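End of the sequence shown = 877 in the working numbering, gap-free, step of one.
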Amino acid sequence: MRLTRSGGGVVLDRGCRRVNVVGPTSIGAPRPPGSSSSSCVAPACSPHSHHHRSPPRRSFSSSGGRPGRYERVLVVVKHTPFEAYRQLKVQGKAPKALRWERLRDRHESHHRCVDELTDIVRRHAAREEHVRVVSREDLGPQHVEGVDLLIAVGGDGTVLSSTHYVDSGLRGRVAAPTGPVVLGVNSDPTKPHEAEVRPTAAKTDERRSFGALCYCSTHDMASVLPLILRGDLDHDVQLRHRMAVTVRSTLSETRLPPALNDVLVAHPSPAAVSRFRFERRRRHVTYPSSAAPSGETTVDSSSTLRHLETAEADDDILSFNAWSSGLWIATATGATAAMRSAGGNADVPAHSQDLQYMVREHLVGENEEWEVVRAMSHGVVDPDHHLQIRWNSQHGCVWIDGSHTKHDLELGDEVLLSSHAIPLRLFSHGRR
446 MRLTRSGGGV VLDRGCRRVN VVGPTSIGAP RPPGSSSSSC VAPACSPHSH HHRSPPRRSF
506 SSSGGRPGRY ERVLVVVKHT PFEAYRQLKV QGKAPKALRW ERLRDRHESH HRCVDELTDI
566 VRRHAAREEH VRVVSREDLG PQHVEGVDLL IAVGGDGTVL SSTHYVDSGL RGRVAAPTGP
626 VVLGVNSDPT KPHEAEVRPT AAKTDERRSF GALCYCSTHD MASVLPLILR GDLDHDVQLR
686 HRMAVTVRST LSETRLPPAL NDVLVAHPSP AAVSRFRFER RRRHVTYPSS AAPSGETTVD
746 SSSTLRHLET AEADDDILSF NAWSSGLWIA TATGATAAMR SAGGNADVPA HSQDLQYMVR
806 EHLVGENEEW EVVRAMSHGV VDPDHHLQIR WNSQHGCVWI DGSHTKHDLE LGDEVLLSSH
866 AIPLRLFSHG RR
């Protein structure tokens with residue numbers, strides 16, 4: 446089984462101009478929607494603190510950086526739909542109903558934001574050569590290593606994909622975050638005149654990027670970015686807990702990227718039944734003596750990490766077999782996303798370490814009571830427990846924070862989920 450990322454291409458072309466992207470030695474043409482790449486990191490799982498506090502003001506002494514400045518900055522840039530669809534047009538596969546002018550307008554808005562942002566960052570950086578730009582599709586752990594501030598330019602999807610490469614391993618069993626602070630910048634927010642049109646009243650959907658995880662946008666970044674780079678807004682850095690996801694197969698164990706928002710476990714076909722065994726268990730967590738290597742981590746089960754070992758009797762178990770449309774598991778950050786839309790509880794403090802699960806369209810059996818099935822279908826997993834899902838369908842998938850990062854399942858695979866991934870530091874105006 447392989448861990449794959451799917452998405453668009455990597456050439457940031459805007460007609461007669463291109464963004465200077467630092468990445469692999471060869472940058473190819475954009476990939477059309479639905480294509481995949483095997484370059485994805487699978488970070489290790491780890492425990493972390495329950496306490497939430499604003500991190501101290503950052504101070505750097507290396508390379509001549511002044512105190513309070515973020516010295517090494519990585520800018521991650523998304524690939525626009527216009528670029529991907531243009532490749533399909535060349536192949537004669539572009540949908541006939543595409544609104545090319547609107548796609549071009551959004552494309553140009555995004556790249557104007559990228560140009561202005563990189564200019565601001567380089568002017569205010571301690572050293573210009575410490576500022577790098579990489580496309581979202583080319584991003585890898587080698588780009589994040591040693592970075593102080595990661596700026597994700599795009600929308601929520603770009604922020605989520607970028608966080609998968611942050612804190613990809615333990616540093617001497619330290620539970621606190623050790624990677625860069627993440628800043629989301631919404632490069633294409635909905636314009637005022639578009640926001641006035643209700644989606645239900647218009648024939649076309651004029652909404653652009655939502656940006657719930659973005660701290661600023663193209664409209665205010667000129668005033669916000671210099672303050673961030675000086676460390677003046679570090680009081681808005683929040684600690685966000687993430688979800689550790691591990692897949693156990695017959696002969697291997699694969700640790701997937703930590704999920705900031707949510708995880709979906711389901712059949713690859715939305716029309717098919719997702720069959721699985723659900724167990725919420727109390728477990729004791731053990732960890733390896735050193736960090737796992739970056740990249741997809743698949744190890745032989747005879748020498749596996751042996752985390753989530755049973756520490757107590759099995760009387761503290763919630764278990765049932767489910768026929769459904771799949772299973773949502775969300776962090777506190779993701780409680781206001783798909784989980785909220787599915788009917789979950791959105792009133793969760795952002796610093797909470799609890800996970801929330803929701804069985805989608807849980808089938809009620811002939812001899813089962815609807816109220817009982819409904820009560821089992823939705824609940825909370827505190828840090829002292831974890832979820833263990835045995836997949837009972839022929840095919841299945843685990844999606845991490847949306848559709849771009851997934852792992853294929855087969856009959857008999859087990860998915861282990863807990864709130865013990867290394868937490869993330871994120872600039873946020875949101876709830877605490």
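Even for Gly, the Cβ is constructed at its ideal location relative to N, Cα and C.
Note that the coordinates shown come from a computational prediction; the quantities given were computed from them, not determined experimentally.
Asked, Found
"From the DSSP output, in three-state form, read off T623 for me.", "coil"
"Could you check where the alpha helix (DSSP H) with C558 kicks off and where it finishes?", "545-569"
"Have a look at E811 and R720 and give me their C-alpha separation to the nearest angstrom.", "17 Å"
"Under 8 Å, Cβ to Cβ, is there at least one residue of chain C near V817?", "Within the model displayed, chain C is absent; a lone protein chain is all it includes."
"Answer yes if the region 769-785 comes into contact with the region 688-706, meaning at least three C-beta pairs across the two stretches below 8 Å, and no otherwise.", "yes"
"Taking the alpha carbon of T623 as the reference point, which residue from P868, H807, H874 has its own alpha carbon closest?", "P868"
"Does DSSP put F655 in a helix, in a strand, or in coil?", "coil"
"D853 by DSSP, collapsed to three states: which one?", "strand"
"Figure out for me which residue from W836, H555, R549, V520 has the closest Cα to the Cα of P713.", "W836"
"To the nearest angstrom, how far is the alpha carbon of A780 from that of W545?", "35 Å"
"Need the endpoints of the beta strand (DSSP E) that P678 sits in, please.", "The residue you asked about is not Pro; residue 678 is Leu in the sequence shown. From DSSP, L678 is part of no beta strand (DSSP E); its letter is neither H nor E."
"Which same chain residues, not among the five before or five after R549, have their C-beta less than 8 Å away from its C-beta?", "F527"
"Could you check whether V518 and E581 sit closer than 8 Å to each other, using their CB atoms as the reference points?", "The sequence given here has Arg at residue 581, not Glu. Going by C-beta atoms, R581 is not nearer than 8 Å to V518."
"By how many angstroms is the C-alpha of V843 removed from the C-alpha of R503?", "Reliability fails at R503, whose pLDDT of 43 lies under 50, so the model's placement of it is uncertain and no value is given."
"What does the Cβ neighbour count give for N766, buried or exposed, with the cut at 16 atoms within 10 Å?", "exposed"
"Between which two residues does the beta strand (DSSP E) containing E528 stretch?", "Note, E528: premise wrong, no beta strand (DSSP E); alpha helix (DSSP H) at 526-535."
"Sorted by chain position, which residues of the same chain lie with C-beta nearer than 8 Å to E573's C-beta, five sequence neighbours on each side aside?", "R567"
"Counting Cβ pairs closer than 8 Å, one from the region 852-860 and one from the region 783-792, do we hit at least three?", "no"
"Mind checking which residues open and close the alpha helix (DSSP H) that includes S606?", "601-608"
"Could you tell me if R652 is buried or exposed, where buried requires 16 or more neighbouring beta carbons within 10 angstroms of its beta carbon?", "exposed"
"Going by DSSP, which residues form a beta bridge with D707?", "A775"
"Let me know if L696 comes out buried or exposed under the rule of 16 or more other beta-carbons within 10 Å of its beta-carbon.", "exposed"
"Closer than 8 Å is the cut-off here; do at least three beta carbon pairs connect the region 555-571 with the region 655-672?", "yes"
"Could you check the C-alpha separation between H796 and V559 for me, to the nearest Å?", "31 Å"
"Going by the CB atoms, is the gap between Q833 and E724 shorter than 8 Å?", "yes"
"What is the DSSP secondary structure of S668, reduced to helix, strand or coil?", "helix"
"Does the count of Cβ pairs from the region 654-664 and the region 595-604 closer than 8 Å reach three?", "yes"
"Please state if the CB of V627 and the CB of V604 are separated by a distance shorter than 8 Å.", "yes"
"DSSP three-state label for T663, please.", "coil"
"If I measure Cβ to Cβ from L808 and keep anything under 7 Å in the same chain, skipping five residues before and after, which residues do I get?", "W768, S769"
"Quick check on this structure: which residue in V535, H569, H680, P540 has the alpha carbon closest to the alpha carbon of L871?", "H680"
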